[in-house]
Amino acid sequence: MVCESWKAKLDTYLDGELPEGEMRAFDAHVRGCPSCSADALTRVQMKRAVLLAGKRFTPSAEFRKRIQESVAPQPRPPVGLGFGLRWMLAAAAVILVVGTLTASYVRSRSSRDQIYSEVADLHVATLASSSPVDVVSTDRHTVKPWFQGKIPFAFNLPELQNTEFSLLGGRMTYLDQTPGAHLIYDLRKHHISVLVFQERSLKLSAGWDEALLAPKRLPFNMETWSQGGLRYFVIGDTSEADIDSLAKLFKAAS
Amino acid sequence: MPHFERLYNFACWLTQDRQEAEDLVQETYTKALKGFSSFQQGTNFRAWIYKILRNTFLTSRTGLKATATVPLDVEGEEEVLPTGKETPESILLQRSDWQRLQQAMERLPVPYREVLLLCEVEEMSYQEISSTLGIPIGTVMSRLSRARKMLRADLRPAIQEG
Chain A
1238 MVCESWKAKL DTYLDGELPE GEMRAFDAHV RGCPSCSADA LTRVQMKRAV
1288 LLAGKRFTPS AEFRKRIQES VAPQPRPPVG LGFGLRWMLA AAAVILVVGT
1338 LTASYVRSRS SRDQIYSEVA DLHVATLASS SPVDVVSTDR HTVKPWFQGK
1388 IPFAFNLPEL QNTEFSLLGG RMTYLDQTPG AHLIYDLRKH HISVLVFQER
1438 SLKLSAGWDE ALLAPKRLPF NMETWSQGGL RYFVIGDTSE ADIDSLAKLF
1488 KAAS
Chain B
58 MPHFERLYNF ACWLTQDRQE AEDLVQETYT KALKGFSSFQ QGTNFRAWIY
108 KILRNTFLTS RTGLKATATV PLDVEGEEEV LPTGKETPES ILLQRSDWQR
158 LQQAMERLPV PYREVLLLCE VEEMSYQEIS STLGIPIGTV MSRLSRARKM
208 LRADLRPAIQ EG
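Protein chains in written order, with my numbering: chain A, 1238 to 1491; chain B, 58 to 219.
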């Protein structure tokens, strides 16, 4: 299939709406095609921009109160009232319960997706940058001291001997206005980002799952966990098993 | 309340007027409460309540006016995407120029604006959008594609002006 055929389906791919087999084929193509990966990046940026620009209007407190009052269940009617009125009250109660559960689910999912998007943006933007790392070194004893004085915490980098991973370097980064470390690793010519932040500085941390799953919209796998007061993210386009292997090396080193 | 803030945001984008959006959301909840029997348990509650809001909007004066003269589902020329370093998207992100983007989104005709918002902001699947808007999935895809092209075309001159 020539690139034009792929590009015609690029939006559908980025929306996560292609059949599973086609998604995998697309993943493989995008990784090896600079033109399609550049187009994918610009379209992801636009999706992200529209998402942020689209969350624009917030209801006033007065309006919220008015709606709450209008849908709130009325006092229990005396026995003998019509079936219709009792049914209406039951329906209102069901809506409120469903609403609470649904809103909770949506908030939780939205929060997870937001975190995923932020981390994915950091990963993609860094790889697209002409200088993805500020400290270029395969030696962890060079990279770790470079962060001293630049970020308000210290962390350990794993020993990579006898593994397929190699360290390419690191840079400072920010998530949720919190400074952190961004490390880039290479695995069979794929780049994997490891991001480390102070857990208590991240306002979004409440309710995170230890195994944060990436939405199907983008071709990345991600793992996150908290250890020793630090929040780690490992993200890349390699398999879940590869991401997990690197995560385990960090867990063992911390 | 189910999806209150998101419904309000969507209503504001449709009506482009906060007072009208409040009326629209209020009417949506009233109709949802009255018509709860039409909601089938186990089906998509979000698509159901968005459908009520959207149908209510379409029958309002603003909705009728907004959708009266929009040519739909016209396939345009395939856009040639720039592959250079500077694209409308990257420049917008660098500038954090949300206002320009929001204005371009406001200028999209309602059928394109709504499908773009449901996909990108509400993060609905094509199936959910199809169910909410009552249109086939193929139409969802073509409108979405057209909306994105129109948005890019609208942003390009603004970006070139600096």
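A virtual CB, placed ideally from N, CA and C, is assigned to each residue, including glycine. Remember, it's a predicted structure, so these values are computed and weren't measured experimentally.
Using three-state DSSP, classify glutamine 160 (chain B) as helix, strand or coil.
-> Within the second sequence, residue 160 (chain B) is the residue found at index 103, counting from 1. Glutamine 160 (chain B): helix per DSSP, three-state reduction.
Express the C-alpha separation of methionine 1283 (chain A) and serine 1480 (chain A) in angstroms, rounding to a whole number.
-> Indexing the first sequence from 1 puts residue 1480 (chain A) at position 243. Indexing the first sequence from 1 puts residue 1283 (chain A) at position 46. Serine is not the amino acid found at residue 1480 (chain A); the sequence shown has isoleucine there. In a straight line, the C-alpha of isoleucine 1480 (chain A) is about 27 Å away from that of methionine 1283 (chain A).
Going along the chain, which residues of the region 1403-1425 of chain A sit with their C-beta nearer than 8 Å to a C-beta in chain B?
-> none
Euclidean distance between Cα positions of arginine 1301 (chain A) and isoleucine 106 (chain B) | Residue 1301 (chain A) sits at position 64 when you count from the first residue of the first sequence. Residue 106 (chain B) sits at position 49 when you count from the first residue of the second sequence. Rounded to whole angstroms, the separation of the alpha carbons of isoleucine 106 (chain B) and arginine 1301 (chain A) is 17 Å.
At least three beta-carbon pairs within less than 8 Å, the region 156-165 of chain B to the region 203-211 of chain B = yes
Leaving out five residues on either side along the sequence, give the residues of the same chain with a beta carbon under 7 Å from the beta carbon of cysteine 176 (chain B).
-> Within the second sequence, residue 176 (chain B) is the residue found at index 119, counting from 1. Hits under 7 Å: Ile186, Leu201.
Could you name the residues of chain B that serine 1307 (chain A) contacts, counting a contact when the two beta carbons are closer than 9 Å?
-> Here residue 1307 (chain A) corresponds to residue number 70 of the first sequence, with the count starting at 1. Simply Gln83, Tyr86, Thr87, Leu90.
Are at least three pairs of beta-carbons, each pair with one atom in the region 1368-1388 of chain A and one in the region 1457-1474 of chain A, less than 8 Å apart?
-> No: the two stretches stay apart, fewer than three of their Cβ pairs being nearer than 8 Å.
Looking at the structure shown, is methionine 181 (chain B) part of a helix, part of a strand, or coil, going by DSSP?
-> The residue given as residue 181 (chain B) occupies position 124 in the second sequence. If DSSP states are grouped into helix, strand and coil, methionine 181 (chain B) belongs with coil.
Count the other CB atoms within 10 Å of the CB of asparagine 1399 (chain A); is the residue buried (16 or more) or exposed (fewer)?
-> As a first step, residue 1399 (chain A) must be located in the first sequence, where it is residue number 162. Looking at its Cβ environment, which holds fewer than 16 other Cβ atoms inside 10 Å, asparagine 1399 (chain A) is exposed.
CB-CB length for leucine 1405 (chain A) against valine 1433 (chain A), believed under 8 Å = Taking the first residue of the first sequence as 1, we reach residue 1405 (chain A) at position 168. Taking the first residue of the first sequence as 1, we reach residue 1433 (chain A) at position 196. Rounded, the Cβ-Cβ distance is 16 Å, inconsistent with contact.
Taking just the CA atoms, how far does alanine 1490 (chain A) sit from glutamate 1436 (chain A)?
-> Here residue 1436 (chain A) refers to the residue found at position 199 of the first sequence. Here residue 1490 (chain A) refers to the residue found at position 253 of the first sequence. If I take the Cα positions, the gap works out to 18 Å.
Name the one or two DSSP bridge partners that threonine 1415 (chain A) has.
-> Counting from 1 along the first sequence, the entry for residue 1415 (chain A) is found at position 178. Beta-bridge pairing links threonine 1415 (chain A) to A:Leu1412.
Please classify serine 1256 (chain A): is it buried, with 16 or more other beta-carbons within 10 angstroms of its beta-carbon, or exposed?
-> The residue you call residue 1256 (chain A) lines up with position 19 of the first sequence. Correcting the residue type first, residue 1256 (chain A) is proline in the shown sequence and not serine. Burial call: exposed.
Taking Cβ to Cβ, would you say alanine 1277 (chain A) is nearer than 7 Å to valine 1267 (chain A)?
-> The sequence position of residue 1277 (chain A) within the first sequence is 40, counting from 1. The sequence position of residue 1267 (chain A) within the first sequence is 30, counting from 1. Yes, these two residues count as a Cβ contact at 7 Å.
Spatial distance of leucine 110 (chain B) from leucine 190 (chain B) (CA atoms) | The residue given as residue 110 (chain B) occupies position 53 in the second sequence. The residue given as residue 190 (chain B) occupies position 133 in the second sequence. Taking the straight line joining both Cα atoms gives about 10 Å.
Supposed contact pair histidine 1419 (chain A) and leucine 1359 (chain A) - C-beta distance, whole angstroms, cut 8 Å | Locating residue 1359 (chain A) in the first sequence gives position 122, counting from the first residue. Locating residue 1419 (chain A) in the first sequence gives position 182, counting from the first residue. Going by Cβ atoms, the distance from leucine 1359 (chain A) to histidine 1419 (chain A) rounds to 7 Å, so yes, they are a contact pair.
Go ahead and pull the three-state DSSP assignment for valine 1281 (chain A).
-> For the purposes of this step, residue 1281 (chain A) is identified with residue 44 of the first sequence, where counting begins at 1. Here DSSP, grouped into helix, strand and coil, assigns valine 1281 (chain A) to helix.
Alpha carbon to alpha carbon, how far is aspartate 1371 (chain A) from glutamate 180 (chain B)?
-> Position 134 of the first sequence, counted from the start, is the residue given in the question as residue 1371 (chain A). Position 123 of the second sequence, counted from the start, is the residue given in the question as residue 180 (chain B). For aspartate 1371 (chain A) and glutamate 180 (chain B), the distance between alpha carbons rounds to 35 Å.
Cβ of phenylalanine 1300 (chain A) within 7 Å of any chain B Cβ = Reading the first sequence from its first residue, position 63 is the one you call residue 1300 (chain A). Yes, phenylalanine 1300 (chain A) counts as interfacial toward chain B.
Straight-line CA distance for phenylalanine 102 (chain B) to phenylalanine 93 (chain B)?
-> The sequence position of residue 102 (chain B) within the second sequence is 45, counting from 1. The sequence position of residue 93 (chain B) within the second sequence is 36, counting from 1. The alpha-carbon atoms of phenylalanine 102 (chain B) and phenylalanine 93 (chain B) are separated by roughly 10 Å.
State yes or no: is the C-beta of proline 1296 (chain A) within less than 7 Å of the C-beta of tyrosine 65 (chain B)?
-> Your numbering for residue 1296 (chain A) matches position 59 in the first sequence. Your numbering for residue 65 (chain B) matches position 8 in the second sequence. In terms of Cβ geometry, proline 1296 (chain A) and tyrosine 65 (chain B) form a close pair [threshold 7 Å].
Compute the beta-carbon to beta-carbon distance between arginine 1285 (chain A) and aspartate 1248 (chain A), rounded to the nearest angstrom, for a pair I have assumed lies under 8 Å.
-> For the purposes of this step, residue 1285 (chain A) is taken as the residue at position 48 of the first sequence. For the purposes of this step, residue 1248 (chain A) is taken as the residue at position 11 of the first sequence. Not really, about 14 Å apart at Cβ, beyond 8 Å.
In this structure, what does DSSP give as the bridge partners for phenylalanine 1434 (chain A)?
-> For the purposes of this step, residue 1434 (chain A) is taken as residue 197 along the first sequence, with counting starting at 1. For phenylalanine 1434 (chain A), which the question treats as bridged, DSSP gives the partners A:Gly1417, A:Arg1468.
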